[in-house]
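Taking the numbering used here, the leading residue of the sequence shown gets 5, the next gets one more, and so forth.
Where is the CB? At the ideal position from N, CA and C, for every residue including glycine.
Everything numeric in this text was worked out from a predicted model, so none of it was measured.
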Amino acid sequence: MLCSNRPEGFGPHSTLCSPIPTTCFVDTIIIPLPVWLALFLLPLLIPLSLHHRKQNFDPSTAHLRAAAPRSYVFIAVQVLYFVLIIANILMQTLEIVRLELLHFGIGLLPFSYVGLLLGAALHASSGVRGHIRAWQVVNGVLWLGGVAVSAVQVVGLDKEGVNGRKGTKYPVGDQIIDVAVMAGVYAVIALLELGLGVWSVKRHGGRKESLKSGIGGVGQHEMTDYGAGYPGHAL
Numbered sequence: 005m006l007c008s009n010r011p012e013g014f015g016p017h018s019t020l021c022s023p024i025p026t027t028c029f030v031d032t033i034i035i036p037l038p039v040w041l042a043l044f045l046l047p048l049l050i051p052l053s054l055h056h057r058k059q060n061f062d063p064s065t066a067h068l069r070a071a072a073p074r075s076y077v078f079i080a081v082q083v084l085y086f087v088l089i090i091a092n093i094l095m096q097t098l099e100i101v102r103l104e105l106l107h108f109g110i111g112l113l114p115f116s117y118v119g120l121l122l123g124a125a126l127h128a129s130s131g132v133r134g135h136i137r138a139w140q141v142v143n144g145v146l147w148l149g150g151v152a153v154s155a156v157q158v159v160g161l162d163k164e165g166v167n168g169r170k171g172t173k174y175p176v177g178d179q180i181i182d183v184a185v186m187a188g189v190y191a192v193i194a195l196l197e198l199g200l201g202v203w204s205v206k207r208h209g210g211r212k213e214s215l216k217s218g219i220g221g222v223g224q225h226e227m228t229d230y231g232a233g234y235p236g237h238a239l
């Protein structure tokens, strides 16, 4: 069963958490929503990305797309990003295990792993090396959606009563803390995603301008040398 032995059934209307739906409805329907939305967006972005690449491909500037070297600070922030994703995987596992100890059922909470791993994969591969345009939108949905649904879960549990399930293997107060921590981690991951994205754009933009300037300078130097060797130049 998805939600066995819970105080209320699956239905969205709760007498304990109103206006928040029942905990079973939250864990089964609301928590997976950002992941479902991300999985819906991803197939839409792939054909759009292929079309954009065909329309805008310029062989003369293909070499400018090479990855720019990364600073140690950038790498450190990126490592923190992945550490936080691992932290939320562990926190989600803790919640699932403790709910299982109560024989409460876990709804579709494991679906959160799909979102965390998908977001990590898209970031690590830079949208499979640029083939998925606007992949950051998918990650934004995952991280900000994670904050939103975790906040809904915290509010619902708080209305159920912080002192609920006292003396059991998973008091409500403990679950509130676990979910609130996950919400905070999702928020930090979202901020890091934004910061790393802006940083990358500026880094690649600066490198592209530098390469263009270098190419222009070389071209001008070559033309000057060529002109100097031409007989008519001396006249």
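Item                                                                                             : Value
Inter-residue spacing [alpha-carbon to alpha-carbon] between residue 119 and residue 170         : 32 Å
Continuous alpha helix (DSSP H) stretch holding residue 152: start and end                       : 139–164
Rounded Cβ spacing between residue 31 and residue 112 (contact assumed at less than 8 Å)         : 7 Å
Buried/exposed call for residue 92, threshold 16 Cβ in 10 Å                                      : buried
C-beta atoms of residue 145 and residue 41 nearer than 8 Å                                       : yes
Residue interval of the alpha helix (DSSP H) (run including residue 2)                           : For the chain, the structure presents residues 5 to 239; residue 2 sits outside this window and is missing.
Where residue 19 falls, given that 16 or more other Cβ within 10 Å makes a residue buried        : exposed
Coil, strand or helix - residue 109 by DSSP                                                      : coil
Inter-residue spacing [alpha-carbon to alpha-carbon] between residue 78 and residue 152          : 28 Å
Touch test, the segment 193–204 against the segment 93–108, Cβ-Cβ under 8 Å, three pairs minimum : no
8 Å Cβ shell around residue 88 - same chain, five flanking residues per side excluded            : 189, 192, 193 and 196
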